[in-house]
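Chemist: So that we are looking at the same thing, I have put the structure below in structure tokens.
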Amino acid sequence: MAKKETNSDQLIAQVIKGIEEVKGNNIDILDLREIENTVCDYFIICNGTSNTQVNAIVNSVQKSVSKSLKDKPWHIEGSENAEWVLMDYVNVVVHVFQRHIREFYDIESLWGDAKITSIETNY
0 MAKKETNSDQ
10 LIAQVIKGIE
20 EVKGNNIDIL
30 DLREIENTVC
40 DYFIICNGTS
50 NTQVNAIVNS
60 VQKSVSKSLK
70 DKPWHIEGSE
80 NAEWVLMDYV
90 NVVVHVFQRH
100 IREFYDIESL
110 WGDAKITSIE
120 TNY
């Protein structure tokens, strides 16, 4: 099955838009392109305040990306308990956490060599 190429910048913009539409918090973009042997080019990490909000963020991201780019995630994992949901768009992987789970795993520090861009939100 051939996967159509989607511009990573457009995909990231739509993922951020989807997160912001349901007030996802602490949005970080990790640029992994300069690190050897990574599975993707970017991680986008954010958190919600409850499993309901985590699921709302995931649904909003899917809707935003699907509507504007006609793309869908290759794989989604973790929706059942909605503490840490991973959305795999191949070159961009989105991690949606509940805050306490994000603090526990602290994946930003695991990828300490990555260039991190934090997105300011107005809510």
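In terms of numbering that gives the first Met the number 0, the sequence shown opens at residue 0 and continues consecutively.
We treat Cβ as the ideally placed atom computed from N, Cα and C, and that holds for glycine.
Could you give the distance in angstroms between the alpha-carbon of Gly77 and the alpha-carbon of Trp83?
Modeler: Here residue 77 refers to the residue found at position 78 when the sequence shown is read from its first residue. Here residue 83 refers to the residue found at position 84 when the sequence shown is read from its first residue. Distance between the alpha carbons of Gly77 and Trp83 is about 6 Å.
Chemist: Expressed to the nearest angstrom, what Euclidean distance is found between the alpha-carbon atoms of Met0 and Val38?
Modeler: What you label residue 0 is simply residue 1 of the sequence shown in a count that begins at 1. What you label residue 38 is simply residue 39 of the sequence shown in a count that begins at 1. With a pLDDT of 36 at Met0, under the threshold of 50, the modelled position of that residue is not reliable, and no figure is offered here.
Chemist: For a test of the three-state rule: what should DSSP assign to Ile26, helix, strand or coil?
Modeler: Your numbering for residue 26 matches position 27 in the sequence shown. In the structure shown, Ile26 falls within a strand segment according to DSSP collapsed to helix, strand and coil.
Chemist: What are the partner residues of Cys45, as DSSP defines its beta bridges?
Modeler: Counting from 1 along the sequence shown, the entry for residue 45 is found at position 46. According to the DSSP secondary-structure assignment, Cys45 is paired through a beta bridge with Val95.
Chemist: Could you check which residue in Glu102, Gly17, Phe96 has the C-alpha nearest to that of Thr126?
Modeler: Here the chain comprises residues numbered 0 to 122, so residue 126 is not present and cannot be evaluated.
Chemist: Enumerate in chain order the residues of its own chain whose CB-to-CB distance from Val92 is below 6 Å, with the five nearest sequence positions on each side excluded.
Modeler: Numbered from its first residue, the sequence shown carries residue 92 at position 93. Same-chain partners within the cutoff: Cys39, Phe42.
Chemist: Nearest by alpha-carbon distance to Asp87: which of Val60, Ile100, Ser117 is it?
Modeler: Counted from its first residue, the sequence shown places residue 87 at position 88. Here the closest residue by C-alpha is Val60.
Chemist: Any contact between the stretch 102-115 and the stretch 17-32? By contact I mean 3 or more CB pairs, one from each, below 8 Å.
Modeler: yes
Chemist: So what's Leu31 in DSSP terms, helix, strand or just coil?
Modeler: As a working mapping, residue 31 is identified with position 32 in the sequence shown. DSSP places Leu31 in coil when its eight states are reduced to three.
Chemist: Helix, strand or coil for Ser78 per DSSP?
Modeler: To locate residue 78, count along the sequence shown from 1; it is residue 79. In this structure, Ser78 counts as coil in the three-state DSSP scheme.
Chemist: Can you have a look at Gln13 and say buried or exposed, based on whether 16 or more other CB atoms are within 10 angstroms of its CB?
Modeler: Start at 1 with the first residue of the sequence shown, and residue 13 comes out as number 14. Result: buried.
Chemist: For Lys114, which three-state DSSP category applies?
Modeler: Here residue 114 refers to the residue found at position 115 when the sequence shown is read from its first residue. Strand at Lys114.
Chemist: Beta-carbon within less than 6 Å of Trp135's beta-carbon, same chain only, minus the 5 sequence neighbours each way: which residues are those?
Modeler: With the chain represented from 0 up to 122, any question about residue 135 goes unanswered, as that position is not in the structure.
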